[in-house]
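Going down the list, the sequences are from chains L and G. In this text, residue positions in the first sequence follow my numbering: the first is 10, and each later residue adds one. In this text, residue positions in the second sequence follow my numbering: the first is 4, and each later residue adds one.
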Amino acid sequence: MLEIRNLKAGIDGKTILKGIDLTVNAGEVHAIMGPNGSGKSTLAQIIAGREQFEVSSGSVKYDEKDLLELAPEERACAGIFMAFQYPVEIPGVSNSYFLRSALNSQRRARGEQELDAFEFLTFIQERMALLNLHEELLNRPVNEGFSGGEKKRNEIFQMAVLEPQLAVLDETDSGLDIDALRVVASGINSLRREDNATIVVTHYQRLLNYVVPDFVHVLVDGRIVRSGDQQLALDLEEHGYDHIIAQAA
Amino acid sequence: MNSETEMLREYAERDYQFGFVTDVETDTVPAGLSEDVIRFISKRKHEPKWLTTWRLEAYRHWLTMEEPHWANIEYDPINYQDIVYYSAPKSSADGPKSLDDVDPELIATYEKLGIPLHEREKLAGVAVDAVFDSVSVATTFKDQLAAQGIIFCSFSEAVQEHPELVRKYLGSVVPRSDNFFAALNSAVFTDGSFAYIPKGVQCPLELSTYFRINAAKTGQFERTLIIADEGSCVSYLEGCTAPMRDENQLHAAVVELVALNDANIKYSTVQNWYPGNEDGVGGIFNFVTKRGACRGSNSRISWTQVETGSAITWKYPSCILQGDNSVGEFYSIALSAKRQQADTGTKMVHIGRNTRSTIISKGISAQWGQNSYRGQVKILKKAEGARNYSQCDSLLIGEQCGAHTFPCLDVQNSSAHVEHEASTSKIGEDQLFYCQQRGNSLEDSINLIVNGFCKEVFRELPMEFAVEAQKLLEVSLEGSVG
Ligand SMILES: Nc1ncnc2c1ncn2[C@@H]1O[C@H](COP(=O)(O)OP(=O)(O)OP(=O)(O)O)[C@@H](O)[C@H]1O
Ligand SMILES: [Mg+2]
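Shown next, in the form of structure tokens:
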């Protein structure tokens, strides 16, 4: 589904990603871990199409398409979703209006009928229950005044509504209380299907107890230095990055 | 005396010297302004003598005034002797014969705005048959209004039919000597609207909803007077979202509102005059004086405006809060794109006790647009317990545009409560990316963010108008990013 080959990228002349290789197939869950500033969010945003990052070499293929050629909204319509590490506030735009506009753009792109306000509300009821989301959050401006945890939950709610094929979740677990973590994790799990895939960026093994990954990758200074299964995350938790880096060197 | 004024006087005198003779049969006068031109206009409109004198006095005062240049706008000097001050309305026979003869760009914009087909013809000035939907609709509503004693007609008609009301209130809110453009308007105004709502009557429909298409050709020096008698209530809509072109560059309108005890006036404007092209060529200069007097106690005047057109906008709808407990409100969205310049805001003058005012101003600048908010809150000595809340927000789209705020506060009563909040923000790359990542196109993303920014003002507009205004902002911002 996603095939990244020798990706090098940076910003303002500074190199951040120094040659990433990553293959994600349908049905898989990949976890990416790594120290602060190692380039995890950069990778996520390049997949989503943030233009401020310059790709200097390498390729990113998505369903046989050259992903780097597509605008962010084209990628979204092709099924790519990113949950932001820092969700953005959009004052004055209600959460439900925002989401309906997004959903309808995607439906239009796929040649499907747009949903009117009533159909949309019916459609999202069940997704809201899934995320245990308060009706009130729906009518408030996007992320404005949301608590840290509410923002993260709102990201996964959006994902539940947009039903992406490839979801990249950037530290969605940070800032969630224990109950919220469980709710969000079960939300993510219930959206898993044979034909979609998830990349979770996280610092904590805790999330991976709920969302069990098929692969764990350790990103250090712009490179994936180790890949393994769930055990790797447990080792990391126990020994820290230094140990892994030393081993890799 | 400054040279400009001198020049004007010279011109005026020269005209006189040449012994310009008025010919009542012709439909236009030569360019230029003089007492004779004013007499001609007045005579042509069969005005009573007092009004002719009123105009002439305004003109004489205007000659002593200077064009104001304190606003944050730039333009080449206006030659007032180049302007034709009177021409009778063109007959529809001069207009295009069908929509096929109309500028395709205009038609494209109508389409984007979702203007119904039959209205497009009217807007584009196509000669249409007398049997026309909105005409019969209009008469029906006129009857309905008359049944309640509401007067709603053109200003000229009011001068003929209700001279006592016109005489009593004309110039009572905006005196002839108020400012340069108001004085000019008082001397040469040609037509406009007049409304009178009798005591205790709640006007059953939004005035001009059904008439605004017909009123599209309003002329260069428009005069509007609205009087809400005790306990009455009216909502008035001015303008229209369709782009209006006009061969006249200078527009100087005056609008006066009078609210007596317990009366309520809501005045909503959507202004979309031709803004000129990308290089700043063409476009209307819109120099308007709008003011409302809350003369009675517990009265309320509310201005809501969406200003997207004109090359230059110079406009400060204001409220004089004379009556105790009276309320003034100003809700504004002003958009400057291309080379547009807008200097707009409001003035709230608190005179009576416990008077309250609210100012919500939203300025949007894109491309090379320059947007200035200029507001004054004045609380006089006797305005015990007065309150004001002002909020001025600016949104910038792109690097070349600008936003400026010039708030001015004058508080003479220590019991007054005044609050001012201001913010300037840029549409952030992160906000756009967030919207796009969810599937919205760049343009939809900008529209989402702009609509969110303007929400508090849209909320004040009558429903149908709000939807149109939202569309209008979208169309006006098209191509402003990317
Ligand atoms: N817009 C930017 N301008 C300059 N430097 C940037 C920018 N974005 C990221 N960087 C730098 O790139 C490096 C990688 O950042 P990135 O956000 O990808 O790290 P991360 O692995 O997600 O870290 P964390 O675990 O703290 O979220 C950091 O050194 C960061 O300072
Ligand atoms: Mg990060």
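Note that CB positions come from ideal geometry on N, CA and C, so glycine has one too.
Considering only their Cβ atoms, is the gap separating serine 335(G) from arginine 303(G) smaller than 8 Å? Result no, Cβ atoms of arginine 303(G) and serine 335(G) do not sit closer than 8 Å.
May I ask you to list, following chain order, the residues of the region 401-432 of chain G that have a beta carbon less than 8 Å from some beta carbon of chain L? Under the 8 Å Cβ criterion, the region 401-432 of chain G contributes Gly431 and Glu432.
Going by the DSSP bridge assignment, what does proline 150(L) pair with across the sheet? Looking at the DSSP assignment, proline 150(L) forms a beta bridge with Ser103(L).
Measuring from the CB of glutamate 180(L), is there a heavy atom of ligand 2 at a distance below 7 Å? For glutamate 180(L), the shortest C-beta to heavy atom distance toward ligand 2 is below 7 Å.
Taking 7 Å as the cut-off, does the CB of isoleucine 20(L) come closer than this to any heavy atom belonging to ligand 3? Within the structure as shown, ligand 3 is missing, the only ligands being ligand 1 and ligand 2.
Rank Met68(G), Arg377(G) and Ser45(G) by C-alpha distance to the C-alpha of threonine 347(G) and give the top, closest one. Among Met68(G), Arg377(G) and Ser45(G), the Cα nearest to that of threonine 347(G) is on Arg377(G).
Could you list which residues in chain L have their beta carbon closer than 7 Å to that of glutamate 458(G), in chain order? Note on identity: in this sequence residue 458(G) is lysine, with glutamate being the wrong assignment. Near lysine 458(G) (Cβ distances below 7 Å), the residues of chain L are Gly101.
According to DSSP, residues forming a beta bridge with asparagine 391(G): Bridge partners of asparagine 391(G): Ser360(G) and Val421(G).
Mind reading off the beta-carbon distance from threonine 316(G) to alanine 337(G)? Whole number of angstroms is fine, and I expect it under 8 Å. Contact annotation, threonine 316(G) with alanine 337(G): C-beta distance approximately 7 Å; criterion of less than 8 Å satisfied.
Mark lysine 269(G) as exposed unless 16 or more other C-beta atoms lie within 10 angstroms of its C-beta, in which case mark it buried. With a 10 Å radius around the Cβ and a threshold of 16 neighbouring Cβ atoms, lysine 269(G) comes out buried.
For isoleucine 452(G), return the contacting residues in chain L, with the cut-off set at a CB-CB distance below 9 Å. Contact annotation for isoleucine 452(G) against chain L: Ile99, Pro100, Gly101 and Val102 [CB-CB distance below 9 Å, chain order].
Determine the burial state of glutamate 78(L): buried for a count of at least 16 other Cβ atoms within 10 Å of its Cβ, exposed for fewer. With fewer than 16 Cβ atoms within 10 Å of its Cβ, glutamate 78(L) is classed as exposed.
Identify, in the order they occur along the chain, each residue of the same chain with its Cβ nearer than 6 Å to the Cβ of glutamine 344(G), setting aside the five sequence neighbours on each side. Excluding residues within five positions, the ones whose Cβ falls inside 6 Å are Ile76, Ile315 and Gln373.
Find the nearest neighbour of alanine 369(G) within the set Lys429(G), Val380(G) and Ser444(G), judged by alpha-carbon distance. Among Lys429(G), Val380(G) and Ser444(G), the Cα nearest to that of alanine 369(G) is on Lys429(G).
Please report how far the alpha carbon of glutamate 224(L) lies from the alpha carbon of valine 38(L), in whole angstroms. Sequence inspection shows phenylalanine at residue 224(L); the glutamate mentioned does not correspond to that position. If you take the alpha carbons of phenylalanine 224(L) and valine 38(L), they lie about 7 Å apart.
Can you tell me whether alanine 34(G) is helix, strand or coil according to DSSP? Looking at alanine 34(G) - three-state DSSP - the assignment turns out to be coil, as it is neither helix nor strand.
Less than 7 Å separating the Cβ of glutamine 223(G) from some heavy atom of ligand 1? No.
Tell me which residues share the same chain as phenylalanine 197(G) and place their Cβ nearer than 6 Å to its Cβ, disregarding the 5 neighbours each side in the sequence. If the five residues before and after phenylalanine 197(G) are omitted, its C-beta is found closer than 6 Å to the C-beta atoms of Cys156, Phe158, Ala161 and Leu228, all from its own chain and listed in chain order.
What separation, rounded to the nearest whole angstrom, lies between the Cα atoms of methionine 137(L) and cysteine 438(G)? Spanning the two alpha carbons is a distance of roughly 20 Å.
C-alpha distance - leucine 26(L) paired with glycine 58(L), whole-angstrom precision: Rounded to whole angstroms, the separation of the alpha carbons of glycine 58(L) and leucine 26(L) is 15 Å.
Can you tell me whether glutamate 13(G) is buried or exposed, with buried defined as 16 or more other CB within 10 angstroms of its CB? A caution first: glutamate 13(G) carries a pLDDT of 47, below 50, which makes its placement in the model too unreliable to give a value.
Do you know whose CA, among Gly22(L), Glu12(L), Asn45(L) and Gly36(L), lies nearest valine 227(L)'s CA? Nearest option by C-alpha distance: Asn45(L).
In this structure, does DSSP put tyrosine 213(G) in helix, strand or coil? Low confidence applies here, because tyrosine 213(G) scores a pLDDT of 42, under 50, leaving its location unreliable and the question unanswered by this model.
Based on DSSP bridge pairs, tell me the residues matched to glutamine 239(L). According to DSSP, which records beta bridges pairwise, glutamine 239(L) is partnered with nothing at all.
Could you tell me whether the region 132-148 of chain L touches the region 55-70 of chain L, using the rule of 3 or more Cβ pairs below 8 Å? With the cut-off at 8 Å, the region 132-148 of chain L and the region 55-70 of chain L do not touch.
In this structure, does DSSP put alanine 218(G) in helix, strand or coil? Per-residue confidence for alanine 218(G) stands at a pLDDT of 41, beneath the threshold of 50, marking its modelled position as unreliable; the derived number appears in the next sentence. Of the three classes helix, strand and coil, the one that applies to alanine 218(G) here is helix, per DSSP.
How would you call glutamine 134(L), buried or exposed, if buried means at least 16 neighbouring beta carbons within 10 angstroms? Classified as exposed, glutamine 134(L) has fewer than 16 neighbouring CB atoms from the shown chains inside 10 Å of its CB.
Using a C-beta cutoff of 8 Å, does glutamate 82(L) count as contacting chain G? So, interface residue.
Between the region 162-175 of chain L and chain G, which residues of the former have CB atoms less than 8 Å from a CB of the latter, in chain order? Answer in chain order: Gln167 and Leu171.
Buried or exposed: which applies to methionine 466(G), given that a residue is buried once 16 or more other Cβ atoms fall within 10 Å of its Cβ? Note on methionine 466(G): under 16 other CB atoms within 10 angstroms of its CB, so exposed under the neighbour-count rule.
Candidates Gly88(L), Phe62(L) and Ser156(L): which alpha carbon is nearest aspartate 72(L)'s? Selection Gly88(L), Phe62(L) and Ser156(L) evaluated against aspartate 72(L) yields Gly88(L) as nearest (Cα-Cα).
According to DSSP, simplified to helix, strand and coil, what is alanine 3(G)? Since the displayed chain G opens at 4 and closes at 485, residue 3(G) lies outside it and no answer follows.
Would you verify that the beta carbon of arginine 119(L) is, or is not, closer than 8 Å to some beta carbon of chain G? No, no contact with chain G.
Glutamate 332(G) and threonine 292(G) - do their beta-carbons sit closer together than 8 Å? Going by C-beta atoms, threonine 292(G) is not nearer than 8 Å to glutamate 332(G).
Glutamine 394(G) versus histidine 423(G): straight-line alpha-carbon distance, rounded: Roughly 6 Å separates the two Cα atoms.
Below-8 Å beta-carbon distance, glutamine 439(G) vs any chain L residue: Judged by the 8 Å Cβ criterion, glutamine 439(G) is in contact with chain L.
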